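Here the structure is laid out as structure tokens; the discussion comes afterwards.
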Amino acid sequence: GQSLEQPSEVTAVEGAIVQINCTYQTSGFYGLSWYQQHDGGAPTFLSYNALDGLEETGRFSSFLSRSDSYGYLLLQELQMKDSASYFCAVIGSGGYQKVTFGTGTKLQVIP
Amino acid sequence: NAGVTQTPKFRVLKTGQSMTLLCAQDMNHEYMYWYRQDPGMGLRLIHYSVGEGTTAKGEVPDGYNVSRLKKQNFLLGLESAAPSQTSVYFCASSYSTSGHTDTQYFGPGTRLTVL
Chain G
3 GQSLEQPSEV
13 TAVEGAIVQI
23 NCTYQTSGFY
33 GLSWYQQHDG
43 GAPTFLSYNA
53 LDGLEETGRF
63 SSFLSRSDSY
73 GYLLLQELQM
83 KDSASYFCAV
93 IGSGGYQKVT
103 FGTGTKLQVI
113 P
Chain D
161 NAGVTQTPKF
171 RVLKTGQSMT
181 LLCAQDMNHE
191 YMYWYRQDPG
201 MGLRLIHYSV
211 GEGTTAKGEV
221 PDGYNVSRLK
231 KQNFLLGLES
241 AAPSQTSVYF
251 CASSYSTSGH
261 TDTQYFGPGT
271 RLTVL
């Protein structure tokens, strides 16, 4: 089975940098993804790490360390519109593509 | 392209009633998924499909049935609704057929209340 743990809430100041952590226990997976979800909206894809290391996409970066069973999402130059929930997800390697989501981190950006 | 669409957007049912949620995608994706999302919890996979005519159980399949008669459509059925099925239901699709990752595209969600 797979389980993923994230902090439930994080608060950060506009313009700052925030890191959202994700620790996981899984028997095997292809990679770690991150999704953003605004209140009342649908999840949208942010980034994916198939290999260890850092992936950068504009203001967002994501990191994976398989040896530490750990990943994080880094948001730079925070904007008010970044206030949302962020979910990590692992893509299982058990034959078919099955995705398991973490419980999510609610990020509040304050002025 | 409309992407992933879901109907209806909102629905209120009484205990014991049945209904079908429809998901449609116009991106020619092989994989389709149904999730439910409850307050304070992440998305939990109900059922998924890796291609037309095939379905499989996810993490929380009890009380739900699905069908994928056409590649572009994935239906989720509740035969006898229960209050525990009050939730927001999201459909998603992805392209990959290799078992490796691909971006999941989500529909706008269906907010279901069972009284």
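Protein sequences appear in the order of chains G and D.
Residues 3 to 113 (the working numbering) are what the first sequence spells out, left to right.
Residues 161 to 275 (the working numbering) are what the second sequence spells out, left to right.
Where a beta carbon is used, it is the ideal one built from N, C-alpha and C, also for glycine.
What you are looking at is a predicted structure, and each value in this text was computed from that prediction instead of being measured.
Whether residue i touches residue j by CB criterion (8 Å)
i: D:T270; j: D:L181; result: yes
i: D:L238; j: D:Y255; result: no
i: G:Q4; j: G:T102; result: yes
i: D:Y193; j: D:C251; result: yes
i: G:F47; j: G:L56; result: no
i: D:T214; j: D:H207; result: no
Residue i beta carbon near the ligand ADP (any heavy atom closer than 7 Å)
i: D:A242; result: Within the structure as shown, the ligand ADP is missing, as the structure has no ligands at all.
Cα-Cα separation between residue i and residue j, rounded to whole angstroms
i: D:L275; j: D:P268; result: 23 Å
i: G:L77; j: D:F170; result: 33 Å
i: D:S253; j: D:Q197; result: 16 Å
i: G:T28; j: D:T263; result: 20 Å
i: G:A86; j: G:G106; result: 10 Å
i: D:A241; j: D:V248; result: 14 Å
i: G:E16; j: G:R61; result: 13 Å
i: D:T175; j: D:P243; result: 7 Å
i: D:D186; j: D:N161; result: 7 Å
i: G:V20; j: G:Y32; result: 26 Å
i: D:A184; j: D:T167; result: 9 Å
i: D:N233; j: G:P113; result: 44 Å
i: D:G259; j: G:I93; result: Note that D:G259 scores 47 on pLDDT, short of 50, meaning its location in the model is unreliable and no value can be drawn from it.
i: G:Q110; j: D:L229; result: 42 Å
i: D:V276; j: G:L53; result: In this structure chain D extends from 161 to 275, so residue 276 of chain D is not present and cannot be described.
Residues bridged to residue i [DSSP beta-bridge criterion]
i: D:V164; result: D:Q185
i: G:Y37; result: G:F47, G:F89
i: G:A14; result: G:V111
i: D:V226; result: D:L236
i: D:G290; result: Here chain D has residues from 161 to 275 only, and residue 290 of chain D is not among them.
Residue i - DSSP class collapsed to helix/strand/coil
i: G:K83; result: helix
i: G:S29; result: coil
i: D:S247; result: strand
i: G:Q4; result: strand
CB contact below 8 Å: residue i versus chain A
i: G:T105; result: No chain A appears in the structure shown, which is made up of the protein chains G and D.
What are the residues of the stretch 175–197 of chain D that lie near chain G, defined by any Cβ-Cβ distance shorter than 7 Å? Residues Y191.
Residues of the stretch 37–62 of chain G with Cβ closer than 9 Å to any Cβ of chain D, in chain order: Answer in chain order: Y37, Q39, G42, G43, A44, P45, T46, F47, Y50, A52.
Contact list for the stretch 199–213 of chain D against chain G, Cβ threshold 8 Å: So the list reads G200, M201, G202, L203, R204, L205, Y208, V210, given in the order they occur along the chain.
Along the stretch 9–24 of chain G, where does the CB come closer than 7 Å to a CB of chain D? Name the residues. Closer than 7 Å at the C-beta level to chain D, one finds no residue of the stretch 9–24 of chain G.
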